[in-house]
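Below: the structure, in structure tokens.
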Amino acid sequence: MIIKVALIGNPNVGKTAIFNALTGSRQHVGNWPGVTVEKKEGRCTHRGAEMEVVDLPGIYSLTASSIDERIARNYIIKERPDVVVDIVDASNIERNLYLTLLLLELEANLIVALNMMDIAASKGYEFDTEKLSLLLGVPVIPTVATTHFGIRELKDAIIEAASGKNKRRKVTIGYGEDLETEIRRIEEMIMEDPHLSGTYPPRWLAIKILERDEEVIGILERYQKKDVLEVVGWEK
Amino acid sequence: MPGRGGRIFGKRGINELGDESGDINEPVDGKSIKSAIPLGLLSEGEEGIIIAHRCGRGLRRRLLELGFTPSSRVRVVSSFPGLIVDIKGSRIALGRGVAMKIIVSLNSGGGKDDN
Ligand SMILES: Nc1nc2c(ncn2[C@@H]2O[C@H](COP(=O)(O)OP(=O)(O)OP(=O)(O)O)[C@@H](O)[C@H]2O)c(=O)[nH]1
Ligand SMILES: [Mg+2]
Chain Y
1 MIIKVALIGN
11 PNVGKTAIFN
21 ALTGSRQHVG
31 NWPGVTVEKK
41 EGRCTHRGAE
51 MEVVDLPGIY
61 SLTASSIDER
71 IARNYIIKER
81 PDVVVDIVDA
91 SNIERNLYLT
101 LLLLELEANL
111 IVALNMMDIA
121 ASKGYEFDTE
131 KLSLLLGVPV
141 IPTVATTHFG
151 IRELKDAIIE
161 AASGKNKRRK
171 VTIGYGEDLE
181 TEIRRIEEMI
191 MEDPHLSGTY
201 PPRWLAIKIL
211 ERDEEVIGIL
221 ERYQKKDVLE
231 VVGWEK
Chain H
1 MPGRGGRIFG
11 KRGINELGDE
21 SGDINEPVDG
31 KSIKSAIPLG
41 LLSEGEEGII
51 IAHRCGRGLR
61 RRLLELGFTP
71 SSRVRVVSSF
81 PGLIVDIKGS
91 RIALGRGVAM
101 KIIVSLNSGG
111 GKDDN
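In the order they appear, the protein sequences are chains Y and H. With the first letter of the first sequence counted as 1, position 156 gets the number 156 in UniProt numbering; the numbers rise by one all the way through. With the first letter of the second sequence counted as 1, position 11 gets the number 11 in UniProt numbering; the numbers rise by one all the way through.
Written as structure tokens, this is what we have:
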């Protein structure tokens, strides 16, 4: 069995450096279908397990408002990688964790690689990675991609996450009472369609429909979930 | 956006979701604003604290995603030929029109800057 791994993160956080550290020379470069955005894929073997790693474009969010975001988001939603490694710039954590929260909402099988630890240290930042891991409900691995610090631990974490054995807390981001009532209501409507709710996380669909995310509206139209579309006043 | 963005979306009812009109946001924190000017009018090297987005919800959402959250400190790195600003440790290029819709306060201090 090959473990499918996707690397995702903000621009310039060291995704390609991590990709190179993970895959060494076993990589090839192509294009994403239909666009001229570069697609890097590579392989590595660790403790007898084979992984296929994809380096996704750098993005700040997961809406479909730019080609890079569309590529990254579609890859996570449609290709369903076994493990998603979110590369976080430890020297710029507030901005970076926004994408992390979006990935948690997407219910990806997530690992956080806290990269650029050397730069963070030179700024005097200290991290309680265990606490961060507890708060996010996912493994957090400190790395310095350029010196390969933490790469072995990252590979171990990937294998463990792929095995599905690691005990993680499911973290939900709350939006306050008013919105939660609506989210629950829409979630229930979505649950009535077992195929729909088996294909996409229902809470994620509910939140995105309230945001009037065009792709999610498209999904609900395909599934003919008129009741949900009516809730948000969506009519063709 | 969870967290600080909550102030913008928090109290809005579900009925308002369809509202695409370009409403002017209430200034955050109810502080009085001494010198509120569009980000697009700052010169190179100048800094401001974001107090409002003067645009519709589509653009506002995009700006929040890019880190232009209320109370954030923003600095103009270069203003010619295009505007480049530093916000939450990232450099972001902005169109002049968009920069005119971000209202900042020149009052120093009180801004929230992560690094
Ligand atoms: N000091 C230090 N530099 C790093 C680290 N990781 C990456 N870099 C450097 O940071 C720069 C950006 O790294 P990339 O790997 O290109 O980042 P990226 O996320 O792939 O960037 P985009 O694909 O443009 O979004 C490069 O100069 C790397 O050598 C790290 O842990 N520490
Ligand atoms: Mg790269």
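By construction, the Cβ of each residue, glycine as well, lies at the ideal position given by its N, Cα and C atoms. Keep in mind the model is a prediction, meaning the values are calculated, not measured.
Pick from V85(Y), I190(Y), E126(Y) and T36(Y): whose alpha carbon is nearest that of V53(Y)?
From the listed residues V85(Y), I190(Y), E126(Y) and T36(Y), the smallest Cα separation to V53(Y) is found for V85(Y).
With distances taken between CB atoms, is the gap from V140(Y) to L103(Y) smaller than 7 angstroms?
no
Report yes if the C-beta distance between G74(H) and G95(H) is below 7 angstroms; otherwise report no.
Residue identity check: residue 74(H) is Val in the sequence provided, not Gly. No, they are not a contact pair.
Assign A6(Y) to one of two classes, buried (16 or more other C-beta atoms within 10 Å of its C-beta) or exposed (fewer than that).
Buried.
Measuring only between beta-carbons, confirm whether N122(Y) sits less than 7 angstroms from chain H.
Contrary to the premise, residue 122(Y) reads as Ser rather than Asn in this sequence. No, no contact with chain H.
Which partner residues of V84(Y) appear in the DSSP bridge assignment?
A6(Y) and L110(Y)
With three or more C-beta pairs closer than 8 angstroms as the rule, is the segment 27–40 of chain Y touching the segment 182–189 of chain Y?
Short answer: they don't touch.
Where A35(H) sits in the DSSP three-state scheme:
Looking at the sequence itself, residue 35(H) is Ser, so the reference to Ala does not match. Coil.
Please name the residues in the segment 57–79 of chain Y whose beta-carbon is closer than 8 angstroms to at least one beta-carbon of chain H, in chain order.
Y60, S61, T63 and S65
7 angstroms is my cut-off, CB to CB: does S21(H) come that close to chain Y?
Because the pLDDT at S21(H) is just 37, under 50, the model does not fix this residue reliably, and the value given afterwards should be weighed accordingly. Not closer than 7 angstroms to any Cβ of chain Y, the Cβ of S21(H) fails to qualify, so no.
Is it the case that the Cβ atoms of Y60(Y) and E44(H) are separated by a distance below 7 angstroms?
no
As assigned by DSSP and simplified to three states, the class of V77(H)
strand
Exposure label - G150(Y); buried when at least 16 CB within 10 Å:
buried
Taking 7 angstroms as the cut-off, decide whether the C-beta atoms of A52(H) and S105(H) are in contact.
no
Cβ of G89(H) within 7 angstroms of any chain Y Cβ:
Judged by the 7 angstroms Cβ criterion, G89(H) is in contact with chain Y.
Since V83(Y) and A206(Y) should fall inside the 8 angstroms C-beta cutoff, what is the C-beta to C-beta distance between them, to a whole number of angstroms?
The C-beta distance from V83(Y) to A206(Y) rounds to 25 angstroms, too long to meet the 8 angstroms contact threshold.
Looking at the secondary structure, which residues open and close the alpha helix (DSSP H) in which R152(Y) lies?
I151 to S163
Please report whether the beta-carbon of R185(Y) lies at a distance below 7 angstroms from any beta-carbon of chain H.
Contact of R185(Y) with chain H is not assigned, every C-beta pair being separated by 7 angstroms or more.
Starting from Q27(Y), follow its DSSP beta bridges and name the residues at the other end.
G42(Y)
Within 8 angstroms, do at least three Cβ pairs link the segment 220–236 of chain Y to the segment 125–139 of chain Y?
Verdict: no, contact absent.
Span separating the alpha-carbon of G40(H) from that of Y98(Y)
When rounded, the distance between both Cα atoms is 26 angstroms.
Using a Cβ-Cβ cut-off of less than 9 angstroms, give me the residues of the segment 81–95 of chain Y that come near chain H, in sequence order.
D89, S91, N92, I93, E94 and R95
Return yes when the C-beta of D89(Y) is under 6 angstroms from any heavy atom of ligand 1, and no when it is not.
no
Within the present structure, is the beta-carbon of residue 316(Y) separated from the nearest heavy atom of ligand 1 by less than 6 angstroms?
Chain Y is shown only over 1 to 236; residue 316(Y) falls outside these bounds and no answer can be derived.
Does the Cβ of I93(Y) have 16 or more other Cβ atoms within 10 Å, making it buried, or fewer, making it exposed?
When all chains shown are included, I93(Y) counts as buried.
Quick one: what does DSSP say L196(Y) is sitting in, helix, strand or coil?
helix
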